[in-house]
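Taking it in order: structure first as structure tokens, then the write-up.
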């Protein structure tokens, strides 16, 4: 159906950035934290940093932890029903096991944390950032501080960043930001393009494809997908990812407008509830506090108000 | 339900203009297909297992390939989207109904071996295994298994199984995509990959998949299906 245009999205987020200083200052419990620290833009230009080769992982206890982190990154589903409650693996959104430039590579992320975030007035560590991924992108429960999965992932990321500068935004970090599209993102155009270019892998209904127990192509909406709190549910984040990384093996083959349209189509679908909703009174409140950005949470699309449900996917809740 | 899904997927292909013809709406009958297959057995063998040719393009295994995949290939031979001097006259002899029938026949002849689907870390010291599992992203080459599934056993009807297919056939397809003789890959997905592979890589990845079921069996990995005996 029709879409919220980008201008109100942007204006809304600017207004809220100011208004929220007080409203969320006292957010202290983990589920209410917005895990996405705004980081400095990655500088333009080709990525020059090269992570070390996997053949060079040392045969030591340290190397064993690096390998475990690499395995968890590629096969995050081994943490299913403990920390992961959807069908995703880290490597779905961070291609080449977190090594690929412009695919939010981990070697570029490591040096940016700890980072201060005015919105919750605290310094956020890499461990907290990873926990955020589990809570939202994996619709899961974050591994505890010091737990083996968290230590393994941090060790793997740290090893990938061997020789990288610390506290410096590197070319290739994150997903390259697209300019605002010429036309407002259009779900209808996105739907047509999805059927042509994406459904062959992700399925006509965005459900992904499996072989036996193995998820080969990830679901993009529904219970198996990232939840309403994940960064990827934002239309701009998804558009940036799509442009630089999709279809697999054909980066930058879609126009900017196509990437925006696809992102709008994909993210205009229902997915597991934002876990922060558990401690808030209503969808309206969750929308007001946490969704003043380019997303469809709380919006009515095709006669259905997105996010207006108690479906947290398979996640039973922290208690 | 699954028939609906296949029909939907094919509708997409038709819409793209990659394949066309009312044949996709038809239902295949394996018994009728067996009679059609009489002309196929000289090369693809009575058991549908094809034959490895020491020199040149091997005759591919058809037994256990997805019916929709076989049917699409036959239409593509007819339309010239897949150039093959041997196959074209045979494909031209088939009408739309015969195509879905013979596809149904080969699809049910013997199950493609079902290989382990659990994650195993690829060994960076083994170049073909690495290419299969992880690809080479410095050249934007995804791992083959990222689309063809764990151990290249195939995903749905668009990503055919690679493991257990004849090496000469696999290599000839990669060369065909690279050189433009085969251009029936959805969205050009294979062409881009094949263009970035060297001759040596094509030979080694083809051999890797041709021999993978045997090597997995030798290493004690459980097999199911026809190859388990």
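Protein chains in written order, with my numbering: chain B, 6 to 324; chain E, 20 to 248.
Even glycine gets a Cβ: it sits at the ideal position worked out from N, Cα and C.
{"Query": "Give a yes or no on whether 8 Å exceeds the smallest Cβ distance from residue 255 of chain B to chain E.", "Result": "yes"}
{"Query": "Could you please give the first and the last residue of the uninterrupted alpha helix (DSSP H) stretch that includes residue 125 of chain E?", "Result": "115-128"}
{"Query": "Would residue 301 of chain B and residue 311 of chain B be called neighbours here (beta carbons separated by less than 8 Å)?", "Result": "yes"}
{"Query": "On the three-state DSSP scale, how would you describe residue 42 of chain B?", "Result": "coil"}
{"Query": "Would you say residue 101 of chain B faces chain E, with C-beta separation under 8 Å as the test?", "Result": "yes"}
{"Query": "DSSP beta-bridge partners for residue 88 of chain E?", "Result": "Per DSSP, none; premise fails for residue 88 of chain E."}
{"Query": "Please report the straight-line C-alpha distance between residue 25 of chain B and residue 296 of chain B, rounded to a whole angstrom.", "Result": "Here the model assigns residue 25 of chain B a pLDDT of 40, short of 50, so the residue's position is not dependable, and the following value carries that caveat. So the alpha carbons of these two residues sit roughly 11 Å apart."}
{"Query": "I want to verify the contact list: residues of chain B whose CB lies under 8 Å from the CB of residue 172 of chain E, in sequence order.", "Result": "216"}
{"Query": "Along chain E, in chain order, which residues have C-beta atoms closer than 8 Å to that of residue 190 of chain B?", "Result": "Under the 8 Å cutoff, chain E gives no residues; its nearest Cβ is about 22 Å from residue 190 of chain B."}
{"Query": "May I ask you to report which of helix, strand or coil DSSP gives residue 200 of chain E?", "Result": "coil"}
{"Query": "For residue 122 of chain B, write down the residues that DSSP places opposite it in a beta bridge.", "Result": "B:127"}
{"Query": "According to a CB-to-CB cut-off of less than 8 Å, which residues of the stretch 190-201 of chain E neighbour chain B?", "Result": "none"}
{"Query": "Listed from N- to C-terminal order along the chain, which residues in the stretch 73-88 of chain B have their beta-carbon within a distance smaller than 9 Å of any beta-carbon of chain D?", "Result": "Here chain D cannot be found, since the structure's protein chains are B and E."}
{"Query": "Let me see if you follow: with CB-CB separation under 8 Å, is residue 247 of chain B close to chain E or not?", "Result": "no"}
{"Query": "Rounded to the nearest angstrom, how far is the Cβ of residue 213 of chain B from that of residue 229 of chain B, given a contact under 8 Å?", "Result": "7 Å"}
{"Query": "Of the choices B:265, B:61 and B:139, whose alpha-carbon is the least far from that of residue 142 of chain E?", "Result": "B:61"}
{"Query": "Can you name, in chain order, every residue of its own chain whose Cβ lies under 8 Å from the Cβ of residue 164 of chain E, other than the five neighbours on each side?", "Result": "151, 152, 170 and 171"}
{"Query": "CA-CA distance, residue 237 of chain B and residue 67 of chain E?", "Result": "46 Å"}
{"Query": "Check distances from the C-beta atoms of the stretch 198-232 of chain E to those of chain B and list, in chain order, the residues that come in under 8 Å.", "Result": "205, 206, 207, 208, 211 and 212"}
{"Query": "Let me know if residue 73 of chain E comes out buried or exposed under the rule of 16 or more other beta-carbons within 10 Å of its beta-carbon.", "Result": "exposed"}
{"Query": "When DSSP labels each residue in this structure, what does residue 202 of chain B get in the three-state scheme?", "Result": "helix"}
{"Query": "In three-state DSSP terms, what is residue 215 of chain B?", "Result": "strand"}
{"Query": "Taking DSSP's pairing of strands, which residues face residue 310 of chain B in a bridge?", "Result": "B:305"}
{"Query": "If you draw a straight line from the alpha carbon of residue 229 of chain E to that of residue 185 of chain B, how long is it in whole angstroms?", "Result": "48 Å"}
{"Query": "At the level of alpha carbons, what is the spacing between residue 33 of chain B and residue 134 of chain E?", "Result": "Residue placement at residue 33 of chain B cannot be trusted, given a pLDDT of 43 that sits under 50; the coordinates are not used to answer."}
{"Query": "Is any heavy atom of the ligand ADP found at a distance shorter than 7 Å from the C-beta of residue 224 of chain E?", "Result": "With respect to small molecules bound, the structure shown includes none, and the ligand ADP cannot be examined in it."}
{"Query": "For the stretch 147-154 of chain B against the stretch 89-105 of chain B, do three or more pairs of beta-carbon atoms, one drawn from each stretch, fall closer than 8 Å, so that the two count as touching?", "Result": "no"}
{"Query": "Quick one: residues in its chain with C-beta nearer than 6 Å to the C-beta of residue 148 of chain E, no 5 flanking neighbours on either side, listed in chain order?", "Result": "141 and 142"}
{"Query": "When the cut-off is 8 Å and only beta carbons count, does residue 188 of chain E lie next to chain B?", "Result": "no"}
{"Query": "With contact counted as at least three CB pairs below 8 Å, one residue from each stretch, are the stretch 95-110 of chain E and the stretch 186-206 of chain E in contact?", "Result": "yes"}
{"Query": "Using the C-alpha atoms, what's the distance from residue 118 of chain B back to residue 94 of chain E?", "Result": "55 Å"}
{"Query": "Along the stretch 69-102 of chain E, what residues have a CB closer than 8 Å to any CB found in chain B?", "Result": "none"}
{"Query": "Since residue 220 of chain B sits in a beta bridge, which residues does DSSP pair it with?", "Result": "B:215"}
{"Query": "Taking a contact to mean a Cβ-Cβ separation below 8 Å, would you say residue 202 of chain B touches residue 206 of chain E in this structure?", "Result": "yes"}
{"Query": "Buried or exposed: which applies to residue 54 of chain E, given that a residue is buried once 16 or more other Cβ atoms fall within 10 Å of its Cβ?", "Result": "exposed"}
{"Query": "Which residues in chain E sit within 9 Å of residue 331 of chain B, going by Cβ to Cβ distance?", "Result": "Since the displayed chain B opens at 6 and closes at 324, residue 331 of chain B lies outside it and no answer follows."}
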